[in-house]
Structures are given as C-alpha cells and as structure tokens.
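All remarks here apply to the structure that follows.
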Amino acid sequence: MRIDQIHMADSGRLLSQLADRISYLIDIKGNSEYGNIGSLLGQIQRLRQSLFEIKESDLFEEIDRIEDRISFLEDRVAEKLSPAEIVNIVRSPQRFTLMDILENVYDSYTELGGEGECNIDPAIVVARATISRRVKNRLYSHQVMVIGHEKGQGEEYRNGGCARPWGNNKALKYMRVAETEGIPIHFYIFTPGSYPIEDYPGAAQQIARNLYVMAKLKVPMVSFISEGGSGGAEAIGASGLRLMGSRGYYSVISPEGAAAIEGKIREGEKLPRKLLEHCAAQLKITAEDNLRLGTIDRIIGEPPLGARRDDFPFFRRLRYEMLRATDELVLKTKNFRAFRAYALKRQAEEGKDVPEDFDLFIGWSLTDLERERLLEFRFKKYIELGKGYFIENKNILTQGIRKTKVFASKTYYDIRYGLLRPHHRNVQKVIEEVSGEGSVFLRKVTEPVRAAYDFVFPQPERPSKVIRSGEPERKSIFAEEWDPYVSPLANEDCTVTCPNAAKYGCLDLWVPDLYGEFCGVCPNCGHHFPLEYQWYLENLFDKNSVREFNAHIASCNPLGFQGYSARLQKDIKHTGRNSSIITFEAEVWGIRLVVAMLFSNFRGGTVGVAEGEKFVRACDVASTTRRPLLAYIHSTGGIRIHEGTLGVVQMPKCTFGVREYNDNGGLYIVVYDNNSYAGPVASFLGCSLYQFGIRSSRIGFAGPRVIRETTGQDVPTDYHSAKNALKRGHIQGIWDRREFKKNLYDALMTLGGPNLYYK
Amino acid sequence: MGKERVLIANRGEIALRIIQACKDLGLDYVVLYTKEDEFSLHVRIAQQEESGFKKAYRIANYKDPNEIFSVADEAGCTSIHPGYGFFSENYVFARRATLRNRPLTFIGPNWEVIRDLGSKINTKRLAKGLKVPVIPGSDGPIYNELEAEEVAEELFFLQKEKGIHHPSILVKASAGGGGMGIEEVSHLDAFRRTYRRIQNYAKRQFGDEGVLIEQCLIDYQHLEVQLLCSSHGEVVHFGTRNCTIQSTGRQKRVEVAPGFDPAVCEYPFDARAVLDRIVKYSVRLAKHVGYDNIGTWEWIVSRDGSPYLMEVNARIQVENEISACISRLNGSNEPLSLIRDQIRVALGDRLGFSQKDISFEGTSIEMRIVAEDTKRGFAPWCGTITRFDYPDECWARLYSHVPRDIPYKIPTEYDPNFALAIIWGQDTQQAKERARQFQKGTVIEGKGAKDEDIVTNMDYLYDRIDDVLQF
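Protein sequences, first through last, are from chains A and B.
Just add 983 to wherever you are in the first sequence, counting from 1, and you've got my numbering.
Just add 1 to wherever you are in the second sequence, counting from 1, and you've got my numbering.
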C-alpha cells in the first residue's frame, strides 16, 4: 500500500497496524531494546493522540518514516532468526490459530464436541469440514474431519492449547467417527504440550491410547505442525504425512524445560536467557532441522517472519498443500502403478507455486485392499523413523549373518507354529475322537465281565493319575534352589528405617536382611526399597535362561548436542551397556518369553533412538517366535531430550511395533517399578492392555515439579503412587516384588490368546 | 579375648535357668527386661548381684532385634542366648548375630540349620529323602485343583487300604500357622468345596494360595526325642518324652519322660521298638543336616504303632528338664543341666561323653502351672499373685520367675505360664503319687482386678495325671 493512496480516514487503522507489527517484533525478540523498537512504539502512541492536531502531510511523512524503519528491522530480524526467536514467533498471540484455518482453508465446517467455552475441552477443536478444489473450472469438495489444538487469543479456557486428558479422548472419539465414515482426517498441532494431570482418563494413558488407535486407523491422515510440544503433539500427530510450517517448531520438550534440566536450575530460580537460547539451538527444533532428521515429511513455506492471522496467501498455500498431501496418501494405495506414479509426479512439479486449479480430481474413498496398503505404508514409515541415528555394526558380513539369521528363524517359526501346529492340532483332534469312540465301544463289551469280577473280589479302586495336556509343569515356589542373587547393597552392616515407620511402627531393618532375605521389602508394612536391575535379571527368570540380543546397538549423539557425547561415554563405561534398554530372551518356569528392560543407571532410563530400535526389534522377535513380550520398567525418565524430536518419534514408532505385535496375537505385559514417567508411559508402555505396578512404584505423565510449574497447583506426595494409578485404572494390579515371578507366571498362563506358542 | 559374656534375650523361668547355667560355667551374663517385667525375679537377681558392670538393661520390646543388638554392643557381650519363643527359631536373627561386623555367638544351632528345619515343608522333604516316615500327604504347596484332588484321592485310598474306617484328611494353608486355615475333610465329595474355601482364605490372609493336604490322624500320642549335638559331629540323645496332654490350641500342659512305659501301661504295639525307631530316625536326620546344638524332634505315634515325624524344634524346650531328670551320666546322681551343655557346645566345646555313658532311671513328670480357666476354653486370667507356696522336697523342683516375697502382677503381654513343677519318681507309679502329693501341698493365692480369686489349672492338672502315658 502506497502512502499517497491513503486517506486521512485510514490513518488510524494504519497506525494500529504499525503498532501490531512493532509488538510482533517485540514478541519475537523478547524485549523492546532491539533497534530501539520501544521508542517507535512511543512515537506511534504520540501520533495517535495528536492525530487531528498535526498536518496531514506531516502525519503521512511520519508514518512513512516509521514504516520504513519497521520494514528495515523486520528484514534484519528475518535475516537470521535464532531457534529461540522462532519459538517466540510461534507463541505470539498474532500467530494464526486453528479457528483461522477453519475459516480460511475450509469452505464450511461444523464444530463437534462443543463450541467455544461450552466444550468437553476447549483446547481441542474438532470439526467436520469441507475442503474444495477446482479442476478445470469445476468445483469439487471433499469431506474431512479436522482435529486440532486451539490456542485462542489468550482466553483462559483455551488453556494455551494444552489438551487435557479428556480433550485427547474427544479427539480419539472423532477419529473413530471419521473411520466409520471413511473420510480423511486433518490434524493441526498447536500445542506446547499436554496438560499434565492424571485425572481420568489420565494424560499418559490417553496419549498412549490415541497412538495405539492411530497406528491402525483406516483412513488417510495428514497433520500440520505449527507448535509441536512433545507428547501433546504425538497425541494427534501419528499420521501418514506430517507437514510443518517453515516458522513452526517441533520439539521434545519446551526450551525452558530443557534449560532447567541442563542447567540444573532449581525451582523458582530465573532461567538465564543465554542458556535458554543455547538449549533451543541445541535441540534442533526448526522445520529445516526436523526435515533433515526425517521426523517430518514436508515444509510449508511461511512468510519470513511467520504467518499471521490475516495472511491469506499462506492459507491458500496451506489448503493446496493439505489437498496435495491427502492426495498423495490416497494415490500411494492405488492399484495402477503407472497412474500412481504419473499423478504423484504431476503434483510434485506443481509444488513451487500454488496453482489455480488441479489437473485431475482424486476421490478420497478407499477400498478394503487400499486401506490395508495405507496401514502398511504408515507402519513402514514409522518403523523406519530414526534409522541411521544409532550405532550399529556396519560390517557387511555381520549384517549379512544377522539378516540370514532373522530370515531363518522367521521361516522356522512360521513353519512350526504357523503351519505345523494347526495341522498337528487337527490330527490330534481326530485321534482323540477315534479313540474316544473306540473306548466306548470296548467298554460295552468288557463292562459285564468286570462288574462280575468286582462283585466277587471287591477291592478298593486305586485312583489313576490324570495326565494333563498342554500345560507346562507348575513348580512350587518352595522348590527353588536356595542360592539366589543377592544385591551388593546387602554388604553393609547397618540398619535403615522404613519410611512408613511412623505410620505402621515398623522396626528398623538390618541391611543384609533387607536386601537379602526380604528382597528389599519391609516385612511389616510392605514398603519396597529400590533394588538394582541386576536383581531382577538374576532372580526373576530361570537360572541361565537369559540370552541377550541386539546388545551391540548403541546410542550416539545425532544432534551434536554439546556435552552429551561425553556423558554417554561415561554411562557406557559405567554400566558396561550400550543403551538404557536390555532386550533378551528368558524363561519363567519353562515359559519362554521376550523381555525388554529399561533400567535407570544409563541416562536415567530415558528412551532415545537406539532404545526405540531395540524395542521394536524385540517386538519383532516376539512376534516371529510367538512368545509373550514383557516390558519391565526398572525406571524411566521419559524421552531423552538430547536426541530431540528423533527421541519423540520413538513414541509412535514403538507403539506401532506393539500394535503390530498385539494384532499378530501376542501377549504384551508391562510391569512398572520405581519411577516411570513421561514419553514411554504415554506411548508404548501405556498402550499395553495389561499393565502392572510393583508396590511403592510411581507412575505418571509428569513429575510433581513439572505439574507444579505448568498448572500452578501442588499435588499430594502420593499422587503418582501405584495405588492411585490402580484407582485411576491405569494399571491392572499391584504386585509384590517377592511374588513377582509367581504373579508373572500366573499372568502368562491366564492372559493371552491361542497364538502364543505354549497355548 | 576376655571372659565370655552371655546376653539373655528372654524372660521368665528360662532366663532364670540360663542365669543358673552361666553361673555354673563361670560366665558373665546380662539380662534384658521390659517395663512389665521390672519386678520379675530374673531382673532382681541380676541387679542384686555384685559385679563390676551393669547386668540388667531395660528395653522397650523383647521382639526388636535392633534394640537387643545395641544392648549387646553396649554391654560388651560375646554371645547371645535366645531361650525359647521370641527369636529362638528365627534364622534371620541368628544369621544377623553370626554375620554382623561384631559377631555374637548364637547359642543354638547355626542359622542354616534353623532355616532348613524351620519350615515344616522342607523338613518333610528332607525326611522323605532319608526314608524317615512323615505324615502322608503332599510334598509341598499345591496350587492346582486337579492336582489337589488327586492327592486327596490317593490319601483316602491309602487309609482305606490300612483298614481305617473313617478316613479323613486335613486341608491347610501352607503359609498359615497356629491352627489358622485348617479344615478336616472326611469325604472326597466335599473336598473340592473345602479346597476352594481354604485356597481363597489363604490368598486373602497370607497372600499365597498354596495348600497342603495330609492325612488326618485322630488317635495318637505326641512324642519327642531330645538330642544334643556338637559342632564336632557328636550326637547323643536323652531319651524320649510324651507330651500328649495339651490344652486347646495345642499348648502342652503335662509332659512325661520317658515316652512310653510298657511296664505300667498296655499298648497295642511294641512300645520299646517304637521308641527305638524314633530315636534312630531322629539321629539319622540330625547327622544329615549337620545339627550342632540342642534340639527336639517331634513325633506322632498312631494307634497302630507307626511313627510320623512332625517337626523339629531347633531350640531348647520348656520341658528339657524332665529328660535331664531321668538321665544319668556314668551312673552318677549328679543332676544334668541341658542348658549348661547347650552353652558349652555352642561355645565350641566337645560333649565330653558319648551315648553309652548315658543311662536312664525312673520317670519324671512336668506340670505347667498356668493362670487360666480350663473350663472356659483355657482363657488366661489376669491379676496379681499374692501368695505362692509349694512343698520343698528332694524329688521335686519348681522353676518360676514369680517372687515369693512380694505380690507379683502377671503381665498381660506374655503368656500366663508362671511356674514349672518337675517331679521325679523311681517308677511311673511313684512319680504320679508324688505329683499328686506336690499338688496338694501347693498354695496359690491371688486377686484379680475385680477382687475375684485367682484361677489356675491346678485342678485340671490333678485330673490329668491319671491319663499320663495311657494310650
């Protein structure tokens, strides 16, 4: 807009626009010192007040000057945007929200599950919408389900886009609706994170459930990320294609959180700005970085300083990209390979500029076969995530041997359990029937003779032994050999006081007794003292049955996070293991099972790329061998922040692995011990149908400190205790450590379907 | 290393007897007491005695090992005698005493033996391995209903084969004890229901749903074999005892040594042979596990004369004195003290005698004088004893922690057993007569909270003397 075209009447509007631009700059920079923006704001204020007192030409001159100045500053800022500034852009109140998208990208929409404040959770907006496209001057429209976070314009009830558990539940509900109706889903992610409260259905639980369902949701799904904060983003983000605004961010944790952890900042202290910027840069949260790492698929260009509410060209582009992405998902599943390739190529060519219309119309409904293919593509995409960001033996020979081994075992187990066993069962059934018939016939003949004999020579009948079929021999817990592994903690001659002593009057415990005989459990009140993971490794499973696999997969530093490599090396040296997960095959009273064990000594049991990969491979092994899968969580601190979004995508990745395993008829049991928090609980652990807690364990989404800082309210000390988790329905039972093996055996015997090898 | 100093971690008459044994051996001793036992005799003896160190320590609770060990450290003790009850059969306690940085000699079997013989199930398994007869039944806890029924069926069959008219079996919770979670089943059809009930009960009460099944013995005698072993592999026995007369809740009231007396009573089997057999079996098991202290093997002898091992008490027993009374070392009349020998052996001494040095003479009867109402289900009586007199005879001994000069309030926290009377006679007849004579001469007076008279089991004991040793 040229200044000389403006009339006096516009000057007020013009001034307020300038003021908006200035405050946007202040938002981005985080302070008003940069380029003396503060004084510009003051000038505008003054102009506004004296609007009718100065001459028109002077006014315009002044406005012109200010405008020049602002444009200059904007260019400077846009030249080099630091990650911390990108975070500020995303969080600015002037950034577009889901409501703007619904207004501008879609033709018409109906909000579902409540509107505005009258809503299950105002932070999540669900709408059934139509999106239209022009093909050769004809208008076609598609039905889609739109699900996303709504930050609003600072309204309290929107909660800043932090979905509460029931908000995510609402999203899940409408995902299912979309599945029934067979329409694609568009997700819009504008969240700094999920709201960390454990009220039913539970933050972690609900995210896990969403991921679990999304793994096999039979409709095309596209998500657009503007602000992707860790778990909250994953709750509605595990889609077939992930787009991201070029000025958006997608991160494992908010930069503030990362800075607090990295700098070991205590609660209530102020974060140094330097540290914050450093962390934001280290976490690799920008769109370019994420594209490079492969955690997103495509970037949608925004203006240099990010799109705002009235950025209509951007909305046009967004509409085009959403259509194109959905088309791509649909086309990939089509039968005609040539058509598929052609169509995709055509679209790729059009990528640069937003065209007025499309060449051809692509319907979005799928046949059953195409749906299967859609799921397959999605599964493959997620399982491959993070490949190449962990250290593996690259030697071709060992790789080859490994692949051959995997192939051989797959074939063997397929033949054994997939082919022979059903056959064997059928044969056995026939034999049983025939022999049953035979014995009935025989009895008819021998009965009279036998009766006469018994009458003449009466004798008490000796009971015959019953032969049971199909069940492994149950051994008594007392029959065990009496040389268990004893924790090295027991080598100390002193006593400890049980934390419940005041409540239950427990006597002080002698340490060798406590960690030896009592398995770290107070005999009076049942309080469980923490034990190291080796204890479980040795005592939970049959002697010499533990066989570790994939031990060579090691964590590395994919983001080049400063200081992380050294810490990794220290832990590798300290624990003698390459990652915080141990995957192994073991036996429990003769039942072979596959176990994934997260332990705390290695980086606090956090999950990174290597851990995710090992877990997925364990799922695969369990799936091919038809064995139950146990995830024993000695302790986990969440997703490893040093691996950034590569860590976050392990959440959907592992969940996809679990879903695949479960759908193949597996039995997946999770047992929590000590502390289990955040990402893993909100994904591949929380999605398990059978979860148990060891007594005195704590399970939750976020620790008490995070809850305090984000929600501003204090939680009781037992908020995350196993008992409360049981009350909320998170876990299915609380196990005593001393009876862990027995309970596990019982669970293995009673749970699980006929596909397991021992059933 | 200076003089041995023994910490006596017990109360009542056993504390007194341990004090006596320590004095005989010339050892220092230290006693413990709680608020309730302040005026008990063992405390007074310890406090009155002249010595260069503190002999009595007050603690809050006899059952807190931390307190006991801290007293042991403070008083500079080198060994610890647990008596009976409390920690005597607690291998965790024994292990702690033995393995701590400042070790104490645990006067009792070593902790591994206590652990192995502490569980009845394990004892049974060991015994079966040595061909020692045990009560027919399951080897270990059963978790499976089908398996349980199989065992039950077999037990009924075996009883029928033996010609028992009304066979029955016991179903008990393996984690239970003290009579909880036990039910009798006399017909196989009712078994399943009982099994399920017990299983549920066990799961609720003890957290473990394991169930034991064994033959129910109805008409039996309860016998014991007293053994003394040393860490040098020596094993001697001090004959047998008969403890069939028990109150409800299986508390022994009258004990007699020897176990059977074929000269006086008639038995439907060869009594002498049975006694020999149980002694032989007991010694066999003791040698196998490497038993190294005093201990009692409890047996059940059914009417057809077949013995079954019930359990092993790896400790000194209340009734050890009657075995000592009938035993003669090298034929001399010198009174034996098993507690003295126990301490000696625990400190590493050899026995100094062998089985052929021991002979037996006469019959000895022990009566436990308890303040209880035998007509009302042996309910304990509470109150204060004001007078306690008994005849002074050379053939009778009485152990009590009740002082004779001041009124004594019976503590309600502990069991109301306040005196042991031990009678010796040339033969069973004489012992019985002397027991009656002793009872007639005993006077116990006392007042309860509501000024009512004391209730004791003296009449009950008088009535039961006749039944002694009768099948």
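Built from N, CA and C at the ideal position, the CB exists for glycine as well.
From a predicted model like this one, the values you see are computed outputs, not experimental measurements.
Anything in the region 71 to 94 of chain B with a Cβ closer than 7 Å to a Cβ of chain A? List those residues in chain order, please. Here the close residues are Val93.
Step through the CB atoms of chain A and report whether any lies within less than 8 Å of the CB of Leu228(B). The C-beta of Leu228(B) comes no closer than 8 Å to any C-beta of chain A.
Please determine, among Val1529(A), Glu1304(A) and Leu1343(A), the residue with the shortest C-alpha to C-alpha distance to Arg1323(A). Selected option, being the one with the closest Cα: Leu1343(A).
Can the beta-carbon of Val284(B) be found less than 8 Å from the beta-carbon of Val302(B)? The answer is no: Cβ separation not under 8 Å.
List, in order along the chain, the chain B residues whose C-beta lies closer than 7 Å to that of Glu1260(A)? Within 7 Å Cβ-Cβ: nothing; Glu1260(A) doesn't reach chain B, min ~55 Å.
Proximal residues, the region 1480 to 1503 of chain A versus chain B, C-beta separation under 8 Å: Contacts with chain B (Cβ-Cβ distance below 8 Å) from the region 1480 to 1503 of chain A involve Leu1490, Asp1491, Trp1493, Pro1495, Asp1496 and Glu1500, listed in chain order.
Rounding to the nearest angstrom, what Cα-Cα distance links Lys1724(A) and Asn1152(A) in this structure? The straight-line gap from Cα to Cα measures roughly 35 Å.
Taking C-beta pairs closer than 7 Å, name the residues in chain A that Leu100(B) reaches, listed in chain order. Proximity of chain A to Leu100(B) at the Cβ level (cut-off 7 Å) is accounted for by Pro1495, in chain order.
For Leu1023(A), the first and last residue of its enclosing alpha helix (DSSP H): Per DSSP, the unbroken alpha helix (DSSP H) holding Leu1023(A) starts and ends at Ile1020 to Gln1032.
Please confirm whether Val969(A) and Phe1667(A) have their CB atoms less than 8 Å apart. Nothing can be reported for residue 969(A), as the shown portion of chain A is limited to 984 through 1742.
Over what stretch of residues does the beta strand (DSSP E) that includes Asn418(B) continue unbroken? Element bounds for Asn418(B): Asn418 to Gly426.
Please check if any C-beta of chain A sits within less than 8 Å of the C-beta of Asn67(B). At least one CB of chain A lies nearer than 8 Å to the CB of Asn67(B).
Among residues of its own chain, excluding the 5 on either side of Ile407(B), which ones have a beta-carbon nearer than 8 Å to its beta-carbon? Around Ile407(B): Phe40.
Can Ala176(B) and Gly84(B) be called in contact, C-beta distance under 8 Å? Not a contact, by the Cβ cut-off of 8 Å.
Which listed residue (Tyr1673(A), Ser1040(A) and Ile1072(A)) has its alpha carbon closest to that of Ile1005(A): Of the residues Tyr1673(A), Ser1040(A) and Ile1072(A), the one whose Cα lies closest to the Cα of Ile1005(A) is Ile1072(A).
Proximity to Glu320(B) [Cα-Cα], best of Pro269(B), Leu286(B) and Leu399(B): Closest option to Glu320(B), Cα to Cα, is Leu399(B).
Just mark Asn1533(A) as buried or exposed, buried being the case when its beta carbon has 16 or more other beta carbons within 10 Å. Around the CB of Asn1533(A), 16 or more other CB atoms lie within 10 Å, so the residue is classed as buried.
I'd like to know if Asp1554(A) contacts chain B, where contact means its C-beta is closer than 8 Å to some C-beta of that chain. Chain B contact via Cβ: absent.
Quick one: Cα of Lys1710(A) to Cα of Ala1187(A), how far? Their Cα atoms are separated by approximately 15 Å.
contact_flag[the region 1144 to 1158 of chain A, the region 1629 to 1641 of chain A] where n(CB pairs < 8 Å) is 3 or more: In short, these stretches do not touch, since the Cβ pair count stays below three.
First and last residue of the uninterrupted alpha helix (DSSP H) at Thr429(B): Element bounds for Thr429(B): Thr429 to Gly442.
Could you give the distance in angstroms between the alpha-carbon of Gly1289(A) and the alpha-carbon of Ser1075(A)? Each residue's Cα considered, the two are about 10 Å apart.
Would you call the region 1214 to 1233 of chain A and the region 1372 to 1383 of chain A in contact, with 3 or more CB pairs under 8 Å? Taking one beta carbon from each stretch, the region 1214 to 1233 of chain A and the region 1372 to 1383 of chain A have fewer than 3 pairs nearer than 8 Å; the two do not touch.
Distance, Val1417(A) Cα to Gly1453(A) Cα: Any reading at Gly1453(A) must be qualified, since the residue scores a pLDDT of 48, below 50, and its modelled position is unreliable; no value is offered.
I need the DSSP call for Tyr1728(A), collapsed to helix, strand or coil. The answer is helix: DSSP assigns Tyr1728(A) an H, G or I state.
How would you call Asp1397(A), buried or exposed, if buried means at least 16 neighbouring beta carbons within 10 angstroms? By the neighbour-count criterion, in which a residue is buried when 16 or more other Cβ atoms sit within 10 angstroms of its Cβ, Asp1397(A) is exposed.
So the beta strand (DSSP E) Asn1675(A) belongs to, where does it begin and stop? Just to set this straight, residue 1675(A) is Phe in the shown sequence, not Asn. Tyr1673 to Ile1677 is the span of the beta strand (DSSP E), which, as asked, contains Phe1675(A).
Look up Gly447(B) in the DSSP assignment and give the residues it is bridged to. Bridge partners of Gly447(B): Ile386(B).
Please check if any C-beta of chain B sits within less than 8 Å of the C-beta of Thr1478(A). Answer yes: the Cβ-Cβ gap between Thr1478(A) and chain B drops below 8 Å somewhere.
Short check: CB of Val1313(A) to CB of Leu1349(A), under 8 Å? Taking 8 Å as the cut-off, the Cβ atoms of Val1313(A) and Leu1349(A) count as close.
Flag this pair as touching only if the region 1610 to 1622 of chain A and the region 1656 to 1663 of chain A have three or more C-beta atom pairs under 8 Å; answer yes or no. These segments touch.
Short CB-CB distance (under 8 Å) between Gly208(B) and chain A: Yes - at least one Cβ of chain A is within 8 Å of the one on Gly208(B).
Distance, Cα to Cα, Thr1429(A) vs Val1439(A)? Approximately 16 Å between the Cα atoms of the pair.
So is Val1(B) buried or exposed if we call it buried at 16+ other beta carbons inside 10 Å? Any property of residue 1(B) remains undetermined from this structure, which presents chain B solely from 2 to 472.
Checking contacts by CB at 8 Å: is Gly193(B) closer than that to chain A? It should be noted that the sequence gives Arg, not Gly, for residue 193(B). Taking CB atoms only, Arg193(B) has no neighbour in chain A less than 8 Å away.
Can you give me the C-alpha to C-alpha distance between Val255(B) and Ile466(B), rounded to a whole angstrom? In this structure, the alpha-carbon of Val255(B) lies about 8 Å from that of Ile466(B).
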